[in-house]
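Remarks on the structure that follows.
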Amino acid sequence: MDLHILEHRLKVTSIAKQGLFVFTHPLIKLIFLRSRTRCKFLSLTETPEDFTLVLDEEGFKELPCSEYLQVEDSMWLALNVVSNGHASSSSQAVGVTKIAKSVIAPLAEQHVSVFMLSTYQTDFILVREKDLSVVIDTLQEEFNIYREVGGECVPVPSQDVHNGFQKNGKEATKATVHPVLSPLNKFCVMSLDPDTLPTIATTLIDVLFYSSSCKDASHSSQDLDCVKFFSFSLIDGYISLVMDTEAQRQFPADLLFTSSSGELWRMVRIGGQPLGFDECGIVAQISQPLANSDISAYYISTFSFDHALVITTGRQQHSWV
Amino acid sequence: CSLGYGGSKPDILWSPHHVDRYVICDSELSLYRIESLGSTEAKAGVIQLSEETAATLLAINSDTPYMKCVAWYPKHEPECLLAVGQANGRVVLTSLGQSHNSKCKELMGKEFVPKHARQCNTLSWNPADSNWLAAGLDKHRADFSVLIWDISSKYAPEATVPPEKIRLPSGDADVGTVVTKPLYELGQNDACLSLCWLPRDQKLLLAGMHRNLAIFDLRNTSQKMFVNTKAIQGVTVDPFFHDRVASFFEGQVAIWDLRKFEKPVLTLSEQPKPLTKVAWCPTRAGLLATLTRDSNVVRLYDMQHAPTPIGDETEPTIIERSVQPCESFISSFAWHPSAQNRMVVVSPNRAMTDFTVFERISLAWSSTSSLMWACGRHLYDCAEERTGSEAAVESDIATKMRARAQSRYGHDTVQVWRNYVLAGGDDPQLKSLWYTLHYILPFQCPYLTLDQEQKQQGNKQTVVYSGIKNIVKSSSGTTESRRSWSDSDRQGDVVRYHSEERSLALRLCGWIGRGPDVDVEPFLRSLEQEGEWERAAAVALFNLDIRRAIQILNKGASSEKGDLNLNVVAMALSGHTDEKSSLWREMCSSLRLQLRSPYLRASFAFLTSEPGAYDGVLYESRVAVRDRVAFACMFLSDTQLSRYIDKLTNEMKEAGNLEGILLTGLTKDGVDLMESYVDRTGDVQTASFCMLKGSPGEVVKDPRVQCWIENYRNLLDAWRFWHKRAEFDIHRSKLDPSSKPLAQVFVSCNFCGKSISYSCSAMPHQGRSFSQYGVSGSPTKSKVTSCPGCRKPLPRCALCLMNMGTPVSSCPGTGKSDEKVDLSKDKKLAQFNNWFTWCHNCRHGGHAGHMLSWFRDHTECPVSACTCKCMQLDTTGNLVPSDTT
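One line per chain: the protein sequences are A and B, in this order.
Take the first sequence: its position 156, counting from 1, is numbered 156 in full-length UniProt numbering, and each next residue is one higher.
Take the second sequence: its position 169, counting from 1, is numbered 169 in full-length UniProt numbering, and each next residue is one higher.
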């Protein structure tokens, strides 16, 4: 298996809900006017708490300074596992599950904090740039590691045996068991032909920026059971969407891509209190049992919490919750 | 095709089997038929594509929205079956026009649906099993990006999906026509941007994946061959060379050799704009056409001469050029499947142009003047016609020179005039030249008989060299004599001039012979012999012998093939009268211009002219220069003569007329004249031979002369007339001893380091002579195989294992004045077969004869364990001279 360290240099930010108006202009530019920006990595996830915005440096330049914008200090790099034809035919599971044992767990052991971002197309593992040498050191046995430079994949030379035992310098903390929340609403994982993005622009703007105004009125009674969750990402020209069936109804049916089986997903939100960025092993904690049961999962980290999605086939998700 | 059809970028596909049909795809599919313009002229709705061709729209299909790519069914039937890849990854089979083919009806509307929707980027039919259709899709986290569908599969066993979820575009679909189970799934968690089946094997599929090119082997799907690269778009196999593949990325095309797949064998020069299409020409090997965005040219790369890539270092040569089929931007193009180098291009506004790429013409001109050129599949050979008929164009100078070289032109040093015959005997200028040289040369050869007079005046020789112009200039003591017609007893009023120089000039003109004799009779007789009746008559007339002239004309009229009109001329001549105002004079001076023979015209001009005013003779340009000059020397005063000669000389120099050599001689003036002759004719051969006879000091050293000589030698080499060239060099070194090359190669003894040929070199007595050692007999012969310096044995021949050595002549030809001495066979140093030869590379060698016969049958060095291909290192080693006798 190959591990690619992508070129994107990413910032993880949070926009407070009440401050959204400050950012609507740059967001619309980043999402709909791709030719006007050099941003190649954008992920916007709405949760009841905030909007989590992950974007590359070029995109970050577009954002105005504001008291409503919280920025995580570090620079993050995206990792991507490429099976390269040597598909592990033993497991049908994909996503976080597939890489649970090979990437997530070893990194957790080395106390590397990861930020997961699944999309329709693939799964990104975001790590802090300063942790990169530990990451390479940790994963080079399992993977051929390539670094993308100017669009070309350059093999990363295997590091020499390091002096002594290199640690991340963080205290090994005992794995905290976080409370989980599983809302009742069901989610779709979808994609879209970027050429047809203008066709759904109004709907998308409506869902992204005006959801709270209408939702509050109609769904106040379900608040306890359903959790607002909408994710849009535009990465290297590929669009990925996660929305609940409620939101999906607002989009024209023939434009959004999804699986032919029309599969629906349930979500589990991890964390009662905001998790912060320093705690390690959360993803590992979740993905380990999924991997053991060979259950495919979709995982989106946000500024405050982690979200794991699994396909609704009735029984599976409860066995590990 | 892997373009998205956003409505503004039409693509074009040519029917694989019906050579007159193509499809334009943008938001819909339009089928056109292409015809020659003549047959469709009258019809409406015909779109002209070129001066000769036009297209008719046959059918439109707008059933399939969101088209991303289209592929034409590769089999002959059903004819217009197309596979359309859509933005959501579905592949739909559709057709254009009515088809009554039952198979087509069955397939029409059939859909192939991937598990997870995403864009279908590319489609490719398997050329061997036309039921197999490969589709390349965008990336999905859990799904495969290369799906191979079997279009004959009837059921959708896993289509457990409720019908409303399938969202068929036309709505009238039958669930039975939806296939969801692909035959093969490849490329998990990857994107596929381009695909093509490899002709090497039905089950090999080349795919441009995300950041790598992969070859999937369907016989073992868990294995694939891949190479990391950015150039993953538009993979396409060279139809003439199945291991060669092109792919591109942005503005750069990469050419791959599948046998050496680690990296591109070459990358083509990068275009400033991103490429949109790359296609091999199906009718011409190694021709790749590329198109970039917003461009009105198709760029062609000709890899025709590219050698098979062997090592990393071999960079094949590529000829790059652009063609512009139309004024507007080109949206796409398609090669015609069978018509040579033909393509149709379509512009963004759907305007179409039928266009044939004109083949580059490569031309080769052989040294033997035949011309060959290749254009497309045609090879044209243009050889000079050798019919020899009168009407035929004069043959090229190179052909003439070649023929002349073969006839040893220029080599007759005894009867110099004969060179004119060797040259073919049909060029009056050459005739004049060689006769001039024939008359001049005896004066310069000190050992041939000369006048006493000449011997006394040492400077005469150079005067003769320098031609009549200078001779006349130096003239002094001219005497006049009034002469009358030989048959007349009256005191003549014709003034004739005499001087030594004038006699010399007449001699050079050939009118009078050598010695004190000044009679023209021998000359007249020789002219009679050659049948130059008019000329002979004119010369007789100029010598005031009218009776002799009439006699000559009569003789001419009665000769074989004689012209009876000559009698009439004789009659006219006989009426000659000195009477100024006679009717005869009047009629002759007006009617003479109607005479065809220049000599007769000149004759009557002479007879009717006033004394001292002979322009009718002097400027009769078709009268040979030598005759006019001789005439002038007889009848013009010193000032007139000098002016006339100067004028004529300049005329000759300007025209490059070799007759003028008579005036200029072999001087710098002569070189000037020869220069304009060479400029006019290119005849370096005549120029070389002629100028070699000039004074070595002045003329031969002239850089122009050296240039002609070198060019002539190169020409002989190019014709592989090596023996002729050697002969020429010998000839040259006799006339110009300074041109003799110095010895350049010496064989030195391995032991003492001295040249083994020193005993025959000019150095006297280096070392002791053999006789000192008391060796009797002929020591040079018996000891040829040992070094004459240290007497150690010379190296052995690699073949006969005998010590080498050549019998050296005891009397080397280093005498100073015997260049003319022929090196007869026994005086040659040694037979060539005994010569030392060795390879400059491996340093093995032996007797020349042995080596030659060895390499006739072998390529490698005869020394065992030496793999040197000695003879092949010599580029001319395998050539044979074409003048072997």
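All residues carry an ideal CB built from backbone N, CA and C; glycine is no exception.
Between residue 189 of chain A and residue 117 of chain A, the gap from beta carbon to beta carbon reaches 8 Å or more. Between residue 261 of chain A and the set B:319, B:223, B:117, the nearest pair of CA atoms involves B:117. In the three-state scheme derived from DSSP, where H, G and I count as helix and E and B as strand, residue 98 of chain A is classed as helix.
Note on geometry: alpha-carbon atoms of residue 59 of chain B and residue 285 of chain B lie some 33 Å from one another.
The continuous beta strand (DSSP E) containing residue 299 of chain A extends over residues 297–301. DSSP, read as helix, strand or coil, puts residue 382 of chain B in strand. The beta-carbon of residue 142 of chain B is placed less than 8 Å from the nearest beta-carbon of chain A.
Just so you know, the alpha carbons of residue 97 of chain A and residue 278 of chain B end up roughly 41 Å apart. Straight across, the Cα-Cα distance linking residue 320 of chain B with residue 47 of chain A is about 57 Å.
Between residue 258 of chain B and residue 238 of chain B, the gap from beta carbon to beta carbon reaches 8 Å or more.
Just so you know, the alpha carbons of residue 348 of chain B and residue 293 of chain B end up roughly 11 Å apart. Residue 549 of chain B places its beta carbon 8 Å or farther from that of residue 557 of chain B.
Inclusion of residue 31 of chain B and residue 96 of chain B in the CB contact set at 8 Å is warranted, their separation being smaller than that value.
Close to chain A, meaning a Cβ-Cβ distance shorter than 7 Å, are the following residues of the stretch 118–129 of chain B: 118, 119. Taking a cut-off of 8 Å for Cβ pairs, the stretch 523–532 of chain B and the stretch 492–507 of chain B do not touch, as fewer than three such pairs fall below it. At a cut-off of 8 Å, the C-beta of residue 312 of chain A has no neighbouring C-beta in chain B. Distance from residue 194 of chain B to residue 276 of chain B at the Cβ level is roughly 12 Å; contact not present, criterion being Cβ atoms closer than 8 Å. Under the Cβ criterion of 8 Å, residue 115 of chain B is counted among the residues facing chain A. For secondary structure counted as the alpha helix (DSSP H) over 4 or more consecutive residues, the stretch 595–657 of chain B holds these complete runs in sequence order: 598–608, 615–618, 625–635, 638–655. In this structure, residue 570 of chain B keeps its C-beta atom at 8 Å or more from the C-beta atom of residue 583 of chain B.
Under DSSP, residue 210 of chain A takes part in no beta bridge, so it has no partner. Secondary structure at residue 43 of chain A: strand, using DSSP grouped into helix, strand and coil.
Annotation: residue 155 of chain A is outside any alpha helix (DSSP H); the continuous beta strand (DSSP E) that includes it extends over 152–155. Using a Cβ distance threshold of 8 Å, residue 797 of chain B and residue 850 of chain B count as a contacting pair.
At a Cβ-Cβ threshold of 8 Å, residue 299 of chain A and residue 141 of chain B do not count as neighbours. Looking at the DSSP output, residue 188 of chain A shares a beta bridge with A:243.
Interface annotation for the stretch 144–158 of chain A against chain B: 151, 152, 153, criterion Cβ-Cβ distance under 7 Å. Within chain B, the residues placing a beta-carbon under 8 Å from that of residue 118 of chain A are 141, ordered along the chain. Take the alpha-carbon of residue 879 of chain B and the one of residue 565 of chain B: they are about 58 Å apart. By the neighbour-count criterion, in which a residue is buried when 16 or more other Cβ atoms sit within 10 angstroms of its Cβ, residue 737 of chain B is exposed.
With a cut-off of 8 Å on Cβ pairs, the stretch 74–83 of chain A is in contact with the stretch 120–135 of chain A, counting three or more such pairs. Every unbroken stretch of the beta strand (DSSP E) spanning 3 or more residues and falling wholly within the stretch 198–273 of chain B is given here in chain order: 204–209, 212–217, 224–228, 233–237, 244–249, 252–257. Residue 436 of chain B has its alpha-carbon roughly 29 Å from the corresponding atom of residue 609 of chain B.
The beta carbons of residue 152 of chain B and residue 72 of chain B sit no closer together than 8 Å.
Per DSSP, the beta-bridge partners of residue 122 of chain B are B:136. At least one CB atom of chain A sits nearer than 8 Å to the CB of residue 180 of chain B.
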